[in-house]
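Participant:
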Amino acid sequence: MSAFLLNRFSQSIVLLVIVSIIGFTVLNFMPGGPLAQFGLDPGMTQKDIARLAEQLGLNRPLWLQYLDWAWRLIQGDWGHSFRDGSSVLAVIGRHLLATLLLMGTSTALAIAVGTWIGIRGATHRYSLFDYCATICAMVALSVPTFWFGLIGIYIFTLKLGWVPAGNMYTIGDGSVMDYLHHLILPSLVLSLVHVAIWSRYMRTATLDALSQDFVKTARAKGVSERRILLKHVVGNALLPMITLAGMQLPSILTGALVTETVFTWPGMGRLFLDSLGYSDYPVVMGLLIFSAILVVLGNLIADIVIAIVDPRIRLG
Amino acid sequence: MSQPPMKEWQVERQIVDLSKERGNAKSRGLGPQPHDLTSLKGDFPMASDVQAAAPADVALSVRDLSVSLPEGMERAYAVEDISFDLKRGQILCIIGESGSGKSVTANAIMGLLPKAIRVSSGAIQLNGTNIVGLSLDKLRSLRGRVVSMIFQDPLSALNPLMTVGAQIEEVMAAHDVGTPKSRRSRAIDLLIEVGLPEPQLMYHQYPFRLSGGQRQRVMIAMALALEPAILIADEPTTALDVTTQAQILQLIRDIQRRKGMSVMFITHDFGVVAEIADYVVVMEKGHCVEQGSAEQVLKSPSHLYTRRLIAAVPHLTGKDRIALRPADRTSILKVECLAKTYRSGSSLFGRQRIVAAVNGVTFDLASGRTLGVVGESGSGKSSLGRLLIKLLDCDSGSILFEGRDIAALSEAEFRPLRPKIQMIFQDPFASLNPRSTVGQILTVGPVAHGMSCGEAAERARELLSHVGLDSGAFDRYPHEFSGGQRQRIGIARALMFKPKLLIADEAVSALDVSIQAQILKLLDQIQRETGVSMIFITHDLRVASQICDEIAVMHRGHIVEHGPPSQIFLDPKSTYTRELVAAIPGEQPANAPQHAANP
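Okay, here's the thing in structure tokens:
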């Protein structure tokens, strides 16, 4: 196990280096560059901009800039936002909790509901329930999320007035109930897509497990259908789902770009879009590395969980 | 086959009531048993009436059973109007080729038919109770307790995530028998009973750690847990090596005798029937064409189909093949000290597994002759085949093909030689691209090697008729053909290049015996016509004895014995070969049986 972890860890480092080099290069080749926004400011002369570039170290060769950035990153200095000068880690920290709240809720909801729909769809294959679930999943997957968001706001906020249209809390209130009230609509809208994906995968995995010979063996042993489902089918069907869950993990922390924008949710997705808009490269780079680390971690955790659950990998 | 102890059993069987046997199980510490057989009888008011119809010595009686298939299938019934009796303490073999309905019959008895396939008429009487139309709950209470079943592939039949012990205990738990503690000790007793080593350790083992034979033993332990009256075995040894098969057959017979169980044994192999059966039912396309005692069916089969089937069973001939051209002894392939070692796992991190798949193999194949490479799974025979056709690179040694060492050649240098060495694969379903027509499959290779399209198409049509297919096959797709026909296409494909050497890797193993015999005949005929040399890789000694001039027996990467069939089968020199020959079901090599009555 330790050899496996060491192996995966070294692979992850290589991966992160490659991702950061690509990200750094691409960002610097974007039109304008980090100082373009000052070009529009009539109070700034070309000389001022050159001085600023000198100050921020932007006039050095790209590879040197990268090495400098990477070296600081390793030391825990992720740089400072161009916008307000606060450290990148602090900026990420400010938005992380909001995203965690939204994505965590919607993902938990999606996995619970999706698993149930998937299993029921497989055990009642070609039933009315299965057909409805299939059609709903197709609709949820093919209609863009922002449309669901807008429709949700139109119906539940404008027409019915049940929930607020956006933001995470009412300024001046901030009680738990107020947070939950704001959370309902965006998390439901977000979970729609995830329920669709998760239930489809779960249905296939369950059908696959149901057709295995050991299910027939269990029937031949006289085991009840309920126990067959719980003990033999679901356990084996969830194995491939662990990988999917691992891939889901990064998005819990990196947020949803579109949904957070529609509901003006102050999360990581909004931060990314805003920082891009302001050419706030240190923050964008920070977010890029942050999500790359999460992707690597998510896969690593999935692998470890599978190794724990599946004796063939744990002991093999 | 006569079985003297059987009669004693039958007598004992009539005295010892089944419910009494359950009492024995109790005294072994199984605790209270809410469902025992006496209460089962009470569940069904009809029981006493039916009892009169079925004699007391019949454990299972199938009467006029028809199982219908969903509309649009090949035929309307999976099985139609079949009747047979399984007597107490006997082994009944149901034999038939694929699609004969033998497995459907077994599943109908277990109540395990898929929803789309239903029993449409007839009766299945289990201990005198008709189970057709019984509620799911009542059927469930019979399964595993009164009748249990073991399957063909013991790996997929065991849950990979549960320990062996937990899976055995589950049978008892499912029927509320015993306490967790008594179940555990019973499970360990069962592991001892089926002859597994270190039962305490085995109890905590996961299935993937076990060998194929051990897994099947676990399946048998599971099936025996509640001492069922009837055991249904659906091709339980088909996926196993021949020596393992012999052990499992022995185990099933021992247990059956010890416990006086009734066994319904499904197989496609007449050798297995000769080994184990008391009574035989022969099935063809859903019909029961013949039944009778094993001796009667094997020695004097009355139905034409049975005779054909028995005649098709390959036997150890013990006679050497008459050489094609005795004078011609030019060597086409000379292999010296060939070696290939597999390494798995990272060498940087953790331990590395090293398996010497092929180790110092040396042989010489004369032009126009056939060398059989025989061995069990893991012996390295398939690796050897891949090395010879350079699908794998060898670690050391030389392969002299027509005097030229091809082992040292690079892929580019070897490419012009590829047409001369062709391969016939095992699985005729997986080895043909389903999206290409037969014509495309046949011509794509030669065209890539520079033959013109017209010429290739002409040769393809010629070869198709040569291998026994009509030339209309050219424009059709592989799925339109049966397994045997597909293998013919595979052979035609290999012959397109006019090869000097054919490597057939288990080329007939996936086929029914009657088809197998036809394909072997075709290969023999092709060799006589074209003078092609052949390396015939197989796990089946009987098949090898049909077609090979010489046989090399492989064991753990080495050739342990090499010689003409007469030597290998009648006078084996190595212990391993002797074991292999002795394990062949239904054969006594010293006096090769002659019960294959020619129609």
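Protein sequence lines correspond, in order, to chains A and B. So the first sequence is numbered by the numbering used here: it starts at 396 and just counts up by one. So the second sequence is numbered by the numbering used here: it starts at 8 and just counts up by one. Positions of the beta carbon are idealized from the N, C-alpha and C atoms, including for glycine.
#1: Let's see if you can read the secondary structure: which residues bound the beta strand (DSSP E) around B/T112?
#2: In chain A, which residues lie less than 7 angstroms from B/D160 when you measure between Cβ atoms?
#3: Whether or not the segment 444-460 of chain B and the segment 373-389 of chain B are in contact is what I'm after, with contact meaning three or more pairs of Cβ atoms, one per stretch, closer than 8 angstroms; do they touch?
#4: Report buried or exposed for A/I408, applying the criterion of at least 16 other Cβ atoms within 10 angstroms of its Cβ.
#5: What residues of chain A sit near B/A181, judged by a beta carbon separation below 8 angstroms?
#6: Give me the Cα-Cα distance between B/E586 and B/H569, rounded to the nearest whole angstrom.
#7: Does the ligand PLP have a heavy atom nearer than 7 angstroms to the CB of B/S148?
#8: In the DSSP output, which residue or residues are listed as bridge partners for B/V126?
#9: For A/L504, does the three-state DSSP call read helix, strand or coil?
#10: For B/F158, collect the residues of the same chain with a Cβ closer than 6 angstroms to its Cβ; drop the 5 residues on either side in sequence, then sort them by chain order.
#11: With a threshold of 8 angstroms between beta carbons, is A/N631 in contact with chain B?
#12: Only counting runs of 4 or more residues, tell me where the alpha helix (DSSP H) segments fall wholly within the segment 409-454 of chain A, in order along the chain.
#13: Give a yes or no on whether the minimum CB-CB distance between A/R707 and chain B is below 8 angstroms.
#14: Would you please verify whether the beta carbon of B/L168 is less than 8 angstroms from any beta carbon of chain A?
#15: Is there at least one Cβ from chain A nearer than 8 angstroms to B/G385's Cβ?
#16: Taking the C-alpha atoms as reference points, what is the distance between A/L605 and B/V171?
#17: Leaving out the 5 sequence neighbours to the left and right, which residues in its chain are closer than 6 angstroms to B/G490 when beta-carbon positions are compared?
#18: Look at the alpha carbon of A/I530 and the alpha carbon of A/F524, and state the distance between them as a whole number of angstroms.
#19: For A/V412, which residues in the same chain have their Cβ closer than 6 angstroms to its Cβ, ignoring the five residues on either side in sequence?
#20: Quick check: what's the CA-CA separation for B/T136 versus B/L198?
#21: Nearest-angstrom Cα distance between B/L399 and B/A499?
#22: Measure the Cβ-Cβ separation of B/S90 and B/S128 and say whether it is below 8 angstroms.
#23: Would the segment 470-483 of chain B count as touching the segment 402-409 of chain B if we require 3 or more Cβ pairs under 8 angstroms?
#24: Chain B beta carbons: is any one of them nearer than 8 angstroms to that of A/L710?
#25: Check each candidate in B/D578, B/A180 and B/I510 and name the one with the smallest Cα separation from B/K388.
#26: Alpha carbon to alpha carbon, how far is B/I533 from B/S521?
#27: Between A/H519 and chain B, is any beta-carbon pair separated by less than 8 angstroms?
#28: Could you please give the first and the last residue of the uninterrupted beta strand (DSSP E) stretch that includes B/H565?
#29: Would A/V483 and A/G471 qualify as a contact pair, given that the criterion is a beta-carbon distance under 8 angstroms?
#30: Taking all protein chains shown into account, decide if A/H519 is buried (16 or more other Cβ within 10 angstroms of its Cβ) or exposed.
#31: For B/M209, report the span of its alpha helix (DSSP H) as first-last.
#32: From B/G108 to B/A115, what distance separates their C-alpha atoms?
#33: If the cut is a Cβ gap below 8 angstroms, which residues of chain A does B/R150 touch?
#34: At a CB-CB cut-off below 7 angstroms, which residues of chain A make contact with B/R147?
#35: According to a CB-to-CB cut-off of less than 8 angstroms, which residues of the segment 203-222 of chain B neighbour chain A?
#36: Mapping DSSP to helix, strand and coil, what is A/M572?
Facilitator: Once the coordinates are examined:
#1: For this step, residue 112 of chain B is matched to residue 105 along the second sequence. Counting along the chain, B/T112 sits inside no beta strand (DSSP E); it lies in the alpha helix (DSSP H) bounded by residues K109 to M117.
#2: Here residue 160 of chain B refers to the residue found at position 153 when the second sequence is read from its first residue. The contacting residues are D608.
#3: No: the two stretches stay apart, fewer than three of their Cβ pairs being nearer than 8 angstroms.
#4: Position 13 of the first sequence, counted from the first residue, corresponds to residue 408 of chain A. Counting the other CB atoms within 10 Å of its CB gives A/I408 a total below 16, which places it among the exposed residues.
#5: By 1-based counting over the second sequence, the position of residue 181 of chain B is 174. Within chain A, the residues near B/A181 are K616, G617, V618, S619 and R622.
#6: As a first step, residue 586 of chain B is located in the second sequence; it is residue number 579 there, counting from the start. As a first step, residue 569 of chain B is located in the second sequence; it is residue number 562 there, counting from the start. C-alpha separation (whole angstroms): 15 angstroms.
#7: As for the ligand PLP, it is missing from this structure, which has no ligand bound.
#8: As a first step, residue 126 of chain B is located in the second sequence; it is residue number 119 there, counting from the start. Per DSSP, the beta bridge partners of B/V126 are B/V74.
#9: Sequence index remark: in the first sequence, residue 504 of chain A carries index 109 (1-based). Helix at A/L504.
#10: Walking along the second sequence from the start, residue 158 of chain B turns up at place 151. Spatial neighbours of B/F158 in its own chain (CB-CB distance under 6 angstroms, excluding positions within 5 residues in sequence) are listed in chain order as A164 and D241.
#11: On the first sequence, position 236 is the one that residue 631 of chain A refers to. Yes, because at least one Cβ of chain B sits closer than 8 angstroms to the Cβ of A/N631.
#12: Here the runs fully enclosed are 431-434 and 441-451.
#13: The residue labelled residue 707 of chain A in the question sits at position 312 within the first sequence. It does; some Cβ of chain B falls within 8 angstroms.
#14: Indexing the second sequence from 1 puts residue 168 of chain B at position 161. At least one CB of chain A lies nearer than 8 angstroms to the CB of B/L168.
#15: By 1-based counting over the second sequence, the position of residue 385 of chain B is 378. No, no contact with chain A.
#16: Taking the first sequence and counting its residues from 1, the one referred to as residue 605 of chain A is at position 210. Taking the second sequence and counting its residues from 1, the one referred to as residue 171 of chain B is at position 164. Distance between the alpha carbons of A/L605 and B/V171: 20 angstroms.
#17: Here residue 490 of chain B refers to the residue found at position 483 when the second sequence is read from its first residue. In the same chain as B/G490, and ignoring 5 residues on each side of it, the C-beta atoms closer than 6 angstroms to its own belong to P435 and L518, in chain order.
#18: What you label residue 530 of chain A is simply residue 135 of the first sequence in a count that begins at 1. What you label residue 524 of chain A is simply residue 129 of the first sequence in a count that begins at 1. Going by the C-alpha atoms only, they are around 10 angstroms apart.
#19: For the purposes of this step, residue 412 of chain A is taken as the residue at position 17 of the first sequence. Correct list: empty, nothing qualifies.
#20: Counting from one through the second sequence, the residue named residue 136 of chain B turns up at place 129. Counting from one through the second sequence, the residue named residue 198 of chain B turns up at place 191. Cα to Cα, the separation comes out at about 31 angstroms.
#21: For this step, residue 399 of chain B is matched to residue 392 along the second sequence. For this step, residue 499 of chain B is matched to residue 492 along the second sequence. Taking the Cα positions, B/L399 is about 24 angstroms away from B/A499.
#22: Residue 90 of chain B sits at position 83 when you count from the first residue of the second sequence. Residue 128 of chain B sits at position 121 when you count from the first residue of the second sequence. Inclusion of B/S90 and B/S128 in the CB contact set at 8 angstroms is not warranted, their separation being larger than that value.
#23: For the pair of segments examined, the segment 470-483 of chain B was found not to touch the segment 402-409 of chain B: the number of CB pairs separated by less than 8 angstroms stays below three.
#24: Along the first sequence, read from residue 1 onward, the residue named residue 710 of chain A stands at position 315. Yes, contact with chain B.
#25: In the second sequence, residue 388 of chain B corresponds to position 381, counting from 1. The shortest CA-to-CA distance from B/K388 to any of B/D578, B/A180 and B/I510 is the one to B/I510.
#26: Here residue 533 of chain B refers to the residue found at position 526 of the second sequence. Here residue 521 of chain B refers to the residue found at position 514 of the second sequence. Computed Cα separation, rounded: 19 angstroms.
#27: Sequence index remark: in the first sequence, residue 519 of chain A carries index 124 (1-based). Taking a beta-carbon distance threshold of 8 angstroms, A/H519 does not count as an interface residue toward chain B.
#28: To locate residue 565 of chain B, count along the second sequence from 1; it is residue 558. First-last of the beta strand (DSSP E) with B/H565: H565 to G570.
#29: Position 88 of the first sequence, counting from 1, holds the residue named residue 483 of chain A. Position 76 of the first sequence, counting from 1, holds the residue named residue 471 of chain A. Cβ distance not < 8 angstroms, so A/V483 and A/G471 don't count as in contact.
#30: Taking the first residue of the first sequence as 1, we reach residue 519 of chain A at position 124. Within 10 angstroms of the beta-carbon of A/H519 lie fewer than 16 other beta-carbons, which makes it exposed.
#31: The residue labelled residue 209 of chain B in the question sits at position 202 within the second sequence. Here the alpha helix (DSSP H) through B/M209 covers P206 to Y210.
#32: In the second sequence, residue 108 of chain B corresponds to position 101, counting from 1. In the second sequence, residue 115 of chain B corresponds to position 108, counting from 1. Straight-line spacing of the CA atoms in B/G108 and B/A115 works out to 10 angstroms.
#33: In the second sequence, the residue the question calls residue 150 of chain B occupies position 143. Taking a Cβ-Cβ threshold of 8 angstroms, the residues of chain A close to B/R150 are R614, A615, K616 and G617, in chain order.
#34: Numbered from its first residue, the second sequence carries residue 147 of chain B at position 140. Result: G617 and S619.
#35: Going along the segment 203-222 of chain B in chain order, one finds Y213, F215 and R216 with a Cβ nearer than 8 angstroms to chain A.
#36: Stepping through the first sequence from its first residue, residue 572 of chain A is reached at position 177. Three-state DSSP puts A/M572 in a helix.
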